[in-house]
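As structure tokens, the structure follows; a few thoughts come after it.
Number of protein chains: 2
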Amino acid sequence: MYPSSLEKLIESFKMLPGVGQKTAERYALHMLEQNVEKVDEFSKSMVDAHEKIKPCHVCHNFTEHDLCSICEDGTRDKSIICVVASAREVMAIEKMNQFHGVYHVLDGLISTQKGILPDDLNIDNLINRIDESVTEVILGLNATVEGEMTSLYLAKKLENKTTVTRLAFGLPIGGHLDYADDMTLMKAFEGRNKL
Amino acid sequence: MYPSSLEKLIESFKMLPGVGQKTAERYALHMLEQNVEKVDEFSKSMVDAHEKIKPCHVCHNFTEHDLCSICEDGTRDKSIICVVASAREVMAIEKMNQFHGVYHVLDGLISTQKGILPDDLNIDNLINRIDESVTEVILGLNATVEGEMTSLYLAKKLENKTTVTRLAFGLPIGGHLDYADDMTLMKAFEGRNKL
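One line per chain: the protein sequences are X and P, in this order.
Residues in the first sequence are numbered consecutively from 2, following this note's numbering.
Residues in the second sequence are numbered consecutively from 2, following this note's numbering.
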């Protein structure tokens, strides 16, 4: 129905997560209305980012160099390592602006369903990073079956090597108690604090 | 926070309609995970579509050639012209697969708010297209203030030249009467049909 080059662009946009036919059409038609410089810039930024971005040598966070900006930062506390599933979680935690340690990106989570085994993840490098200078490893993994499984595996692997902690479960701030699911409520009860 | 090439790609994605920081990040990170061929293809399809797609000489629908596929199609009924605001509406009507006439794309609607005047639109070409072979002009414009204003303007301009009709207003199919707004309900009453 559309001219072939437009059809192709729509197909390209459909590659993006959560983008179906309608949204892809909207994006593609929007691009046609832009001036040529903007389109070129967009097009180039895509190839450019894909070419330049690679995993940090130490922690597998995104970087354009050998080390990511966090590993390179002398002011960060290298005795505390926060373990996350992917580099996008690094960004989420950095936005909070409260954590001053360093990270370790696993590049995924153990999953029996998807057939992802510990060996497929960036776990060996984590274990090699742990020496006496590391005082705490914080497991910052999703509160899902896969996150739990990976947390348990890592806790086992790291016991006797350093202190392993994990993020608290409970009610989200601003969340209503009657909207919380049973598991969250249970965890909130288990983790109750003295006032 | 992100490496600069990634930051740039995120900014590019934010150019798309309805895409904010979070979605742009999601799209950009997704692109990093694709293989280089897919990224190149996406990148090229953008420049390519922008370069090749132009307005049809006759109706301003999208095309890669002089005439769009609809104007070029000998089986279409050229005596009925459906006037729409933009080429994306042509696609919407084509999907219905019930209209066998041809189109005329105005490239916008008259808007006092946005300062869009009749002269800014593809209206002169429409008037030049109307000869004795054209039996009906269907105004397929939005049911908004701008759509109404443009419809009235065109109806005036085309009177005595050909029959001008416009799409029916009323309840959307599957719509509940008690959810319809007053204007829609009023139009549905006005346009009631004998059973």
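Beta carbons: idealized from backbone N, C-alpha and C, even for Gly.
What you are looking at is a predicted structure, and each value in this text was computed from that prediction instead of being measured.
Next on the checklist: Please identify the residue among X:Ile-139, X:His-51 and X:Pro-18 whose C-alpha is closest to the C-alpha of Asn-36 (chain P).
Outcome noted: Within the second sequence, the letter at position 35 stands for residue 36 (chain P). Taking only the C-alpha atoms, the option nearest Asn-36 (chain P) is X:His-51.
Checklist entry - Applying a beta-carbon distance threshold of less than 7 Å, which residues of chain X neighbour His-177 (chain P)? => result If you number the second sequence from 1, residue 177 (chain P) lands on position 176. Going along chain X, no residue has its Cβ under 7 Å from His-177 (chain P), so there is no contact; the nearest lies around 23 Å.
Checklist entry - Using the rule of at least 16 other Cβ atoms within 10 Å of the residue's Cβ for burial, across every protein chain shown, is Val-146 (chain P) buried or exposed? => result Your numbering for residue 146 (chain P) matches position 145 in the second sequence. With fewer than 16 other Cβ atoms within 10 Å, it is exposed.
Item to check | From X:Tyr-104, X:Val-106 and X:Leu-122, residue whose alpha carbon lies closest to that of Ser-112 (chain X) | outcome: Looking up residue 112 (chain X) in the first sequence gives position 111. For the residues X:Tyr-104, X:Val-106 and X:Leu-122, the minimum Cα distance to Ser-112 (chain X) belongs to X:Leu-122.
Checklist entry - Closer than 7 Å, Cβ to any Cβ of chain C: which residues of the stretch 113-137 of chain P, in chain order? => result Absent here is chain C; the protein component of the structure consists of chains X and P.
Next on the checklist: Need the endpoints of the alpha helix (DSSP H) that Arg-77 (chain X) sits in, please.
Outcome noted: Along the first sequence, one-based indexing puts residue 77 (chain X) at 76. In this chain, Arg-77 (chain X) is not harboured by any alpha helix (DSSP H), its DSSP state being neither H nor E.
Checklist entry - Counting contacts by CB-CB distance shorter than 7 Å, is Tyr-180 (chain P) in contact with chain X? => result For this step, residue 180 (chain P) is matched to residue 179 along the second sequence. Residue contact with chain X for Tyr-180 (chain P): absent (no Cβ-Cβ distance below 7 Å to any residue of chain X).
Checklist entry - With a cut-off of 7 Å, does the C-beta of Arg-1 (chain X) fall near any C-beta of chain P? => result Any question about residue 1 (chain X) goes unanswered here, given that chain X covers just 2 to 196.
Next on the checklist: Helix, strand or coil for His-105 (chain P)? Go by DSSP, reduced to three states.
Outcome noted: Working through the second sequence from its first residue, we reach residue 105 (chain P) at position 104. It is a strand residue.
Checklist entry - Is there at least one Cβ from chain X nearer than 7 Å to Ile-54 (chain P)'s Cβ? => result One-based indexing of the second sequence puts residue 54 (chain P) at position 53. At least one CB atom of chain X sits nearer than 7 Å to the CB of Ile-54 (chain P).
Checklist entry - Is the CB-CB distance between Val-103 (chain P) and Ala-88 (chain P) below 7 Å? => result On the second sequence, position 102 is the one that residue 103 (chain P) refers to. On the second sequence, position 87 is the one that residue 88 (chain P) refers to. Result no, Cβ atoms of Val-103 (chain P) and Ala-88 (chain P) do not sit closer than 7 Å.
Next on the checklist: For Ala-50 (chain X), would you say it is in contact with chain P, using Cβ-to-Cβ distances shorter than 7 Å as the test?
Outcome noted: Numbered from 1 along the first sequence, position 49 holds the residue referred to as residue 50 (chain X). So yes, Ala-50 (chain X) belongs to the interface.
Checklist entry - Using Cβ-Cβ distances below 8 Å, what residues of the stretch 31-44 of chain X are close to chain P? => result His-31, Met-32, Leu-33, Gln-35, Val-37, Lys-39, Val-40, Asp-41, Glu-42, Phe-43 and Ser-44
Checklist entry - Glu-149 (chain P) lies in the alpha helix (DSSP H); which residues open and close that run? => result Reading the second sequence from its first residue, position 148 is the one you call residue 149 (chain P). First-last of the alpha helix (DSSP H) with Glu-149 (chain P): 146-159.
Checklist entry - For Arg-167 (chain P), which beta-bridge partners are listed by DSSP? => result Counted from its first residue, the second sequence places residue 167 (chain P) at position 166. In the DSSP output, where bridge partners are listed per residue, Arg-167 (chain P) has P:Leu-140.
Item to check | First through last residue of the alpha helix (DSSP H) which encompasses Ile-128 (chain X) | outcome: Counted from its first residue, the first sequence places residue 128 (chain X) at position 127. That run of the alpha helix (DSSP H) goes 125-130.
Item to check | Neighbour list for Phe-63 (chain X) in chain P, Cβ cutoff strictly below 7 Å | outcome: In the first sequence, counting from the first residue as 1, residue 63 (chain X) sits at position 62. Residues of chain P whose Cβ lies closer than 7 Å to the Cβ of Phe-63 (chain X) are, in chain order, Tyr-3, Pro-4 and Leu-7.
Checklist entry - Of all the CB atoms in chain X, is at least one closer than 7 Å to the CB of Tyr-104 (chain P)? => result Here residue 104 (chain P) is taken as the residue at index 103 of the second sequence, counted from 1. No, Tyr-104 (chain P) lies away from the interface with chain X (no Cβ there is under 7 Å from its Cβ).
Checklist entry - In chain X, which residues lie with their C-beta within 8 Å of the C-beta of Glu-26 (chain P)? => result Locating residue 26 (chain P) in the second sequence gives position 25, counting from the first residue. Within chain X, the residues near Glu-26 (chain P) are Arg-89 and Met-92.
Item to check | Where Pro-18 (chain P) meets chain X, residues with beta-carbon distance less than 8 Å | outcome: On the second sequence, position 17 is the one that residue 18 (chain P) refers to. Ordered by position in chain X, the residues that pass the 8 Å Cβ test against Pro-18 (chain P) are Arg-27, Tyr-28 and His-31.
Item to check | Interface residues of chain X facing Leu-10 (chain P) [CB-CB closer than 7 Å] | outcome: If you number the second sequence from 1, residue 10 (chain P) lands on position 9. Leu-10 (chain P) reaches chain X at Ser-46, Met-47 and Ala-50, counting residues in chain order whose Cβ is nearer than 7 Å.
Next on the checklist: Taking CB distances under 7 Å as the criterion, tell me whether Glu-95 (chain X) reaches chain P.
Outcome noted: On the first sequence, residue 95 (chain X) is found 94 positions in, with the first residue counted as 1. True, the Cβ-Cβ gap to chain P drops below 7 Å.
Next on the checklist: Is it buried or exposed, Asn-28 (chain P), if we count other Cβ atoms within 10 angstroms and call 16 or more buried?
Outcome noted: Counted from its first residue, the second sequence places residue 28 (chain P) at position 27. Per the sequence shown, the amino acid found at residue 28 (chain P) is Tyr instead of Asn. Buried, because 16 or more other Cβ atoms sit within 10 Å of the Cβ of Tyr-28 (chain P).
Item to check | For Asp-183 (chain P) and Phe-63 (chain P), the rounded distance between their alpha carbons | outcome: In the second sequence, residue 63 (chain P) corresponds to position 62, counting from 1. In the second sequence, residue 183 (chain P) corresponds to position 182, counting from 1. About 36 Å.
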